[in-house]
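A.B. asks: Taking UniProt numbering, the leading residue of the sequence shown gets 1, the next gets one more, and so forth. Each residue gets a CB set at the ideal place from its N, CA and C atoms; glycine is no exception. Sharing a structure below in structure tokens format, with a few things to ask.
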Amino acid sequence: MAAPSITTLQEIFEVEKLSAEQEKAIDSLLAKKDVFLSLRTGGGKSLCYMAFPIFYEYSKSLDVQPQVLIISPLLSIMKEQTDLLASKGFTATFIGKDKSEDASILDGKYQFVFSSPEAILQNDKWRDMLSGSKSFRLFVADEAHTLVHWGENTKHGQAFREWFSRTGEIRSLISCPALVITATASKEARKVIKKRLALNNCVDIIDSPDRENINGDCCELYQHPYFLFQSDDVSSDDNSCMSDSTDLESDDVLDIDDTYPELE
1 MAAPSITTLQ
11 EIFEVEKLSA
21 EQEKAIDSLL
31 AKKDVFLSLR
41 TGGGKSLCYM
51 AFPIFYEYSK
61 SLDVQPQVLI
71 ISPLLSIMKE
81 QTDLLASKGF
91 TATFIGKDKS
101 EDASILDGKY
111 QFVFSSPEAI
121 LQNDKWRDML
131 SGSKSFRLFV
141 ADEAHTLVHW
151 GENTKHGQAF
161 REWFSRTGEI
171 RSLISCPALV
181 ITATASKEAR
191 KVIKKRLALN
201 NCVDIIDSPD
211 RENINGDCCE
221 LYQHPYFLFQ
231 SDDVSSDDNS
241 CMSDSTDLES
251 DDVLDIDDTY
261 PELE
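Below you can see the structure in the form of structure tokens.
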């Protein structure tokens, strides 16, 4: 990585250095390779696409301002990320934020453009913009597990947001590397996501989800007064709930220990 861009990164994002996973992801993207990045929450996944224009500008001969398209599931995430990028001096917006910005988006005046799958796929204006654009240098699927969990039909009914299963159509409109990021994708989910986004020879960067400060124990559910409500649920109907997780939740673990010392 170029030293000037590292210095710029440190100044803008106030980080001392990139992690090995972040460096590998950015280097691979600059080499025009697709990347599947699965890091635990707080692992710095978003920084990989936020920093991309910085390194791209130092590594390429630019004729146009490089743009990044981020497919995101929630407006709250889009707003949070665009506000953060704006505070760092970047130009960022999301499709549907303000119709008065549509012309600027179409003219390529924003470095970062966020959108949901529906906003693009249901509007020929945005499809045409992407297919005719030569300035998008990176496609990002944020919270990529939603492509599977939200986009597929389930045994209980139709998909929550079926357009997520068609995110690959958006990727096909622009010719650039793809960065797929998530903290919660099983091996099977990763296979489905890769197929949908046509990631045939991508670089896999998969970190262990293990957190040293979080532990889990498994025990047999027994006939204790405090667990009667759980036992009734498990034994009712056709035991269909046996395939789902059963949780005992509390705002504070100490509350359970203090209230039910017999469970220790």
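1) If we ignore side chains and look at the alpha-carbon of each, how far apart do aspartate 27 and alanine 183 end up?
2) What did DSSP end up calling leucine 18 once you bin it into helix, strand or coil?
3) By the three-class DSSP mapping on this structure, what secondary structure does aspartate 217 have?
4) On a Cα-Cα basis, can you pick out the residue from Ser87, Lys33, Asp142 and Asp128 that is closest to aspartate 204?
5) Is the separation between the beta-carbon of glycine 207 and that of serine 38 shorter than 8 angstroms?
6) Check the DSSP bridge columns for leucine 37 and list the partner residues they point to.
7) Using CA coordinates, which residue listed in Lys97, Gly96 and Ile170 is at the minimum distance from glycine 132?
8) Would you mind reading off the limits of the alpha helix (DSSP H) that contains glutamine 81?
9) From the DSSP output, in three-state form, read off serine 172 for me.
10) Express the C-alpha separation of leucine 179 and arginine 137 in angstroms, rounding to a whole number.
11) Classify aspartate 252 as helix, strand or coil using the three-state DSSP reduction.
12) Of the choices Tyr56, Ala25 and Val35, whose alpha-carbon is the least far from that of residue 297?
13) Ordered along the chain, which non-local residues of its own chain (more than five positions away) have a Cβ less than 6 angstroms from that of serine 240?
14) Does serine 72 pass the burial test, meaning 16 or more other C-beta atoms within 10 Å, or should it be called exposed?
15) For phenylalanine 112 and serine 87, what's the separation of their Cα atoms in angstroms?
16) Quick one: any contact between the stretch 96 to 116 and the stretch 69 to 84, if contact means 3 or more CB pairs under 8 angstroms?
17) Here's the rule I'm using: 16 or more other beta-carbon atoms within 10 Å means buried, otherwise exposed. How should valine 35 be labelled?
18) One question on the structure: do leucine 69 and isoleucine 174 come within less than 8 angstroms of each other, judged by their Cβ atoms?
19) Short check: CB of phenylalanine 114 to CB of glutamine 67, under 8 angstroms?
20) Just verifying my parser: in three-state terms, what is the DSSP assignment at serine 100?
21) Looking at the strands, I want to know which residues DSSP matches up with valine 113.
C.D. replies: In brief:
1) Rounded to whole angstroms, aspartate 27 to alanine 183 spans 20 angstroms at the Cα level.
2) In this structure, leucine 18 counts as coil in the three-state DSSP scheme.
3) The three-state reading of DSSP puts aspartate 217 in coil, since its state is none of H, G, I, E or B.
4) Minimum Cα distance to aspartate 204 is reached at Lys33.
5) Residue 207 is actually aspartate in this sequence, not glycine. Taking the C-beta atoms as reference points, serine 38 is found nearer than 8 angstroms to aspartate 207.
6) Partner(s): Ile181 and Ile205.
7) A check of alpha carbon separations from glycine 132 across Lys97, Gly96 and Ile170 identifies Ile170 as the nearest.
8) Where glutamine 81 is concerned, the enclosing alpha helix (DSSP H) stretches over 75 to 87.
9) Correct three-state label for serine 172: helix.
10) Linking arginine 137 to leucine 179 through their CA atoms gives a straight-line distance of about 11 angstroms.
11) For aspartate 252, the predicted structure reports a pLDDT of 43, less than 50, and the residue's modelled location is therefore unreliable. A value from the coordinates is still provided. Looking at aspartate 252 - three-state DSSP - the assignment turns out to be coil, as it is neither helix nor strand.
12) Given that the chain is displayed from residue 1 to residue 264, the structure contains no residue 297 and the question cannot be resolved.
13) Annotation note: pLDDT 44 at serine 240 (below 50); position unreliable, coordinate value reported separately. The beta carbon of serine 240 is closer than 6 angstroms to none in its chain, skipping five residues each way along the sequence.
14) Burial check for serine 72: the Cβ neighbour count within 10 Å reaches 16 or more, so the residue is buried.
15) Roughly 13 angstroms separates the two Cα atoms.
16) Yes: the two stretches touch, three or more of their Cβ pairs being nearer than 8 angstroms.
17) Burial check for valine 35: the Cβ neighbour count within 10 Å reaches 16 or more, so the residue is buried.
18) Yes. Within cutoff.
19) Contact: no.
20) Helix.
21) Its beta-bridge partners are Leu69 and Thr93.
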